[in-house]
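Engineer: Before anything else, here's the structure in question.
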Amino acid sequence: MARVPDNERWEIVELYFKGRSQRKIAEAMGRTLKTVNRIVRAFKSCRRIKDAPRKPRSRVTIEPEDAWIVSAAAEKPGLSAQQIKNTLDLRASVTTVKRRLREAGLKSRIAAQKPLLRAQNKEKRLQFSRQHAQRSTEEWKEVVFTDECTFTTSCDQQARIWRPHNTGNARGRARGFSPRRRTKRCAARDDELRATFLRRALEQCVPAGSRAGSQSKVQFRWPVQGSRTRPAERLCLGVVAEGRIVGEAYVVRSSRVVA
Numbered sequence: 001m002a003r004v005p006d007n008e009r010w011e012i013v014e015l016y017f018k019g020r021s022q023r024k025i026a027e028a029m030g031r032t033l034k035t036v037n038r039i040v041r042a043f044k045s046c047r048r049i050k051d052a053p054r055k056p057r058s059r060v061t062i063e064p065e066d067a068w069i070v071s072a073a074a075e076k077p078g079l080s081a082q083q084i085k086n087t088l089d090l091r092a093s094v095t096t097v098k099r100r101l102r103e104a105g106l107k108s109r110i111a112a113q114k115p116l117l118r119a120q121n122k123e124k125r126l127q128f129s130r131q132h133a134q135r136s137t138e139e140w141k142e143v144v145f146t147d148e149c150t151f152t153t154s155c156d157q158q159a160r161i162w163r164p165h166n167t168g169n170a171r172g173r174a175r176g177f178s179p180r181r182r183t184k185r186c187a188a189r190d191d192e193l194r195a196t197f198l199r200r201a202l203e204q205c206v207p208a209g210s211r212a213g214s215q216s217k218v219q220f221r222w223p224v225q226g227s228r229t230r231p232a233e234r235l236c237l238g239v240v241a242e243g244r245i246v247g248e249a250y251v252v253r254s255s256r257v258v259a
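Numbered by full-length UniProt numbering, the letters in the sequence shown go through residues 1 to 259 in order.
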């Protein structure tokens with residue numbers, strides 16, 4: 001049954017103190033006798049018109065469990081709420097685990113991705129840049145970028161962590177990435193493919209080794225470190241494709257050129 005509005009409750013109380021019986025009031029107001037009796041008793045006992053405050057629902061987790069949940073997320077920010085629940089063997093639901101983490105000020109955010117570059121990696125890149133800084137655009141067009149490994153297109157690119165708000169760039173919050181745990185699959189449409197771009201991309205990204213050596217090309221190494229930092233990858237990722245690796249060729253089933 002719908003709640004009785006406050007103005008109607010005041011009217012019931014006023015009629016009662018004017019000497020009307022509760023049964024007569026119920027008939028006049030179109031309410032049940034039980035409803036009228038409850039409103040009158042509430043006003044007589046504690047001068048209350050509104051509903052009595054209700055006790056909050058008891059918490060499913062106790063204080064030590066709340067602390068365990070927060071500690072698990074602080075120690076391993078990459079754990080999901082489901083993994084935290086399973087690790088701690090909690091009776092609480094996954095939603096409750098998320099609520100406890102939010103109460104502690106932890107938010108689920110996509111981890112910042114930064115290449116795992118050591119000092120020697122940075123030095124090699126600097127040397128490479130200085131060595132080839134004078135190459136013209138026409139000279140770079142003669143370069144054949146080669147790469148023997150697959151590259152990341154989606155796997156682990158949206159890894160989430162638990163962290164306080166506005167701490168994405170704090171030390172220790174960034175997530176370094178490297179060439180492991182990669183995928184070969186993504187998706188787009190055939191009719192959106194520009195064949196000329198794809199042909200040029202594949203020609204410039206042939207596998208290194210016997211094929212490149214047989215063409216008598218002058219070779220120099222790019223100081224690679226970390227996923228999606230190779231020139232060949234950056235070129236190939238201009239085409240989002242679903243396909244598979246067959247021998248030394250990348251067989252494309254559907255693709256789209258990304259501007």
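We put the beta carbon where it would ideally sit given N, CA and C, even for glycine.
Computed from a prediction, not measured in an experiment: that's the story for all the values here.
Taking C-alpha atoms, which residue in D6, N37, G30 lies nearest to Y16?
Structural biologist: By one-based count along the sequence shown, residue 16 stands at place 16. Among D6, N37, G30, the Cα nearest to that of Y16 is on N37.
Engineer: Within 10 Å of its beta-carbon, does P56 have 16 or more other beta-carbons around it, so buried, or fewer, so exposed?
Structural biologist: Position 56 of the sequence shown, counted from the start, is the residue given in the question as residue 56. Burial call: exposed.
Engineer: Please classify T87: is it buried, with 16 or more other beta-carbons within 10 angstroms of its beta-carbon, or exposed?
Structural biologist: Residue 87 sits at position 87 when you count from the first residue of the sequence shown. Exposed is the call here.
Engineer: The beta strand (DSSP E) that contains residue 260, what's its start and end?
Structural biologist: For the chain, the structure presents residues 1 to 259; residue 260 sits outside this window and is missing.
Engineer: Measure the Cβ-Cβ separation of T61 and T95 and say whether it is below 8 Å.
Structural biologist: In the sequence shown, counting from the first residue as 1, residue 61 sits at position 61. In the sequence shown, counting from the first residue as 1, residue 95 sits at position 95. Cβ atoms of T61 and T95: not closer than 8 Å.
Engineer: Can you tell me whether DSSP reads P64 as helix, strand or coil?
Structural biologist: Position 64 of the sequence shown, counted from the first residue, corresponds to residue 64. In this structure, P64 counts as helix in the three-state DSSP scheme.
Engineer: Kindly indicate which three-state DSSP category L193 falls into: helix, strand or coil?
Structural biologist: The residue given as residue 193 occupies position 193 in the sequence shown. The pLDDT assigned to L193 is 44, lower than 50, so where the model puts this residue is not dependable; a value taken from the coordinates is nonetheless given after this. Here L193 sits in coil by DSSP.
Engineer: From which residue to which residue does the alpha helix (DSSP H) around I84 run?
Structural biologist: Here residue 84 refers to the residue found at position 84 of the sequence shown. Counting along the chain, the alpha helix (DSSP H) containing I84 begins and ends at 81-88.
Engineer: Are there three or more Cβ pairs, one per stretch, closer than 8 Å when the region 78-93 is compared with the region 45-52?
Structural biologist: Touching, no, given that fewer than three Cβ pairs across the two stretches are closer than 8 Å.
Engineer: Considering Cα atoms alone, identify which of L90, W162, A92, E65 is closest to R102.
Structural biologist: Here the question's residue 102 lines up with position 102 in the sequence shown. Comparing Cα-Cα distances from R102 to each of L90, W162, A92, E65, the minimum goes to W162.
Engineer: Taking 8 Å as the cut-off, decide whether the C-beta atoms of Q22 and V4 are in contact.
Structural biologist: Stepping through the sequence shown from its first residue, residue 22 is reached at position 22. Stepping through the sequence shown from its first residue, residue 4 is reached at position 4. Taking 8 Å as the Cβ cut-off, Q22 and V4 do not qualify as a contacting pair.
Engineer: So R163 is in the beta strand (DSSP E); what residue range does that whole segment cover?
Structural biologist: On the sequence shown, residue 163 is found 163 positions in, with the first residue counted as 1. Element bounds for R163: 160-164.
Engineer: Please report the distance separating the alpha-carbon of E139 from that of F128.
Structural biologist: Looking up residue 139 in the sequence shown gives position 139. Looking up residue 128 in the sequence shown gives position 128. Straight-line Cα distance between these residues: approximately 16 Å.
Engineer: Give me the Cα-Cα distance between E8 and A52, rounded to the nearest whole angstrom.
Structural biologist: If you number the sequence shown from 1, residue 8 lands on position 8. If you number the sequence shown from 1, residue 52 lands on position 52. If you take the alpha carbons of E8 and A52, they lie about 17 Å apart.
Engineer: Using three-state DSSP, classify R38 as helix, strand or coil.
Structural biologist: Reading the sequence shown from its first residue, position 38 is the one you call residue 38. Three-state result, R38: helix.
Engineer: May I ask which residues mark the beginning and end of the alpha helix (DSSP H) holding V94?
Structural biologist: Here residue 94 refers to the residue found at position 94 of the sequence shown. Element bounds for V94: 94-103.
Engineer: Pick helix, strand or coil for A133, following the three-state DSSP scheme.
Structural biologist: Taking the sequence shown and counting its residues from 1, one reaches residue 133 at position 133. Correct three-state label for A133: coil.
Engineer: Is the CB-CB distance between R160 and A92 below 8 Å?
Structural biologist: As a working note, residue 160 is residue 160 in the sequence shown. As a working note, residue 92 is residue 92 in the sequence shown. No, Cβ-Cβ distance for R160 and A92 is not below 8 Å.
Engineer: Alpha carbon to alpha carbon, how far is I25 from R31? Give it in angstroms, no decimals.
Structural biologist: To locate residue 31, count along the sequence shown from 1; it is residue 31. To locate residue 25, count along the sequence shown from 1; it is residue 25. For R31 and I25, the distance between alpha carbons rounds to 8 Å.
Engineer: What did DSSP end up calling V143 once you bin it into helix, strand or coil?
Structural biologist: As a first step, residue 143 must be located in the sequence shown, where it is residue number 143. Three-state DSSP puts V143 in coil, outside helix and strand.
Engineer: Using the Cβ count rule (16 or more neighbours within 10 Å means buried), how would you classify P164?
Structural biologist: By one-based count along the sequence shown, residue 164 stands at place 164. Label assigned to P164: exposed.
Engineer: Return the CA-CA distance between A208 and K76, expressed in angstroms with no decimal places.
Structural biologist: As a first step, residue 208 is located in the sequence shown; it is residue number 208 there, counting from the start. As a first step, residue 76 is located in the sequence shown; it is residue number 76 there, counting from the start. Unreliable positioning characterises A208 in this predicted model, as indicated by a pLDDT of 47, which lies under 50. A coordinate reading is not provided.
Engineer: Measure how close the beta-carbons of V144 and R100 come, nearest whole angstrom, since I'm counting them as under 8 Å.
Structural biologist: In the sequence shown, counting from the first residue as 1, residue 144 sits at position 144. In the sequence shown, counting from the first residue as 1, residue 100 sits at position 100. With a Cβ gap of about 55 Å, V144 and R100 do not count as contacting.
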